[in-house]
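Scroll down for the structure; my scribbles are underneath it.
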Amino acid sequence: MRTSKIFVTTDAIIFRKAGTGHEILFIKRKNEPFKGQWAIPGGFVDEGEDLPDAARRELREETGLEVRELEQLGAFGKPGRDPRQHTVSVAYVGFAEENAVAVAADDAAEAKWFSVKVLPELAFDHADIVTLALQKYLP
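To convert, note that position 108 of the sequence shown is 108 in full-length UniProt numbering; the numbers rise steadily by one, no gaps.
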């Protein structure tokens with residue numbers, strides 16, 4: 001019998017309108033791995049927790065934002081995407097109000113909106129996830 005040591009996480013790609021364009025929300029990681037680097041808000045799914053609920057919870061815990069409508073973008077599970085262990089992340093996309101304010105908390109050192117035209121270097125495989133979200137939601 002095989003046993004699996006794969007962990008499930010969720011990520012929340014959150015956009016908001018900004019003038020004539022859009023911005024995307026990132027958090028600066030407070031802890032390793034990738035301490036001090038920008039990432040999509042997200043984290044591990046708790047036992048017994050539904051995936052979209054986990055995405056909403058992690059977003060709320062790390063940024064203070066409440067986004068009710070989230071749409072599943074896809075699953076990302078390439079081995080090595082997280083140096084701690086094999087993880088599969090289910091990514092969700094949502095849109096915040098134009099005046100939405102994010103405040104870093106929990107394991108986020110900072111929360112910041114970035115223009116979709118000038119993105120920072122991202123931790124994990126988050127650049128691939130964001131690229132897919134931009135292609136699908138803001139072509």
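Just so it is clear, CB atoms sit at the ideal spot from N, CA and C, and this is done for glycine as well. Keep in mind it's a predicted model, so treat the numbers as computed, not measured.
Distances from the alpha-carbon of Ala104 to those of Val118, Leu132, Glu23, Leu65 put Leu65 closest. Burial state of Pro33 is exposed, judged by a 10 Å Cβ sphere holding fewer than 16 other Cβ atoms.
Here Asp125 is actually not in contact with Glu62; their C-beta atoms are around 18 angstroms apart, not less than 8 angstroms.
Secondary structure note for Gln72: its beta strand (DSSP E) is the uninterrupted segment 71-76. Glu69 is the residue among Trp38, Ser4, Glu69 whose C-alpha sits nearest the C-alpha of Pro52. Taking the C-beta atoms as reference points, Ser89 is found nearer than 9 angstroms to Thr10. Unbroken beta strand (DSSP E) runs of no fewer than 3 residues, entirely contained in the segment 94-123, are found at 108-115, following chain order.
In the DSSP annotation of this structure, Ile6 is not part of any beta strand (DSSP E), being labelled neither H nor E. Burial check for Glu98: the Cβ neighbour count within 10 Å stays below 16, so the residue is exposed. The beta carbon of Lys136 sits closer than 6 angstroms to no other beta carbon from its chain once the five residues preceding and following it are set aside. The C-alpha of Gly42 lies about 32 angstroms from the C-alpha of Met1. Judged by beta-carbon spacing, Arg57 lies beyond the 9 angstroms limit of Ala108, meaning their Cβ atoms are not closer than that value. Each residue's CA atom was taken as its position, placing Glu71 and Gln37 some 25 angstroms apart.
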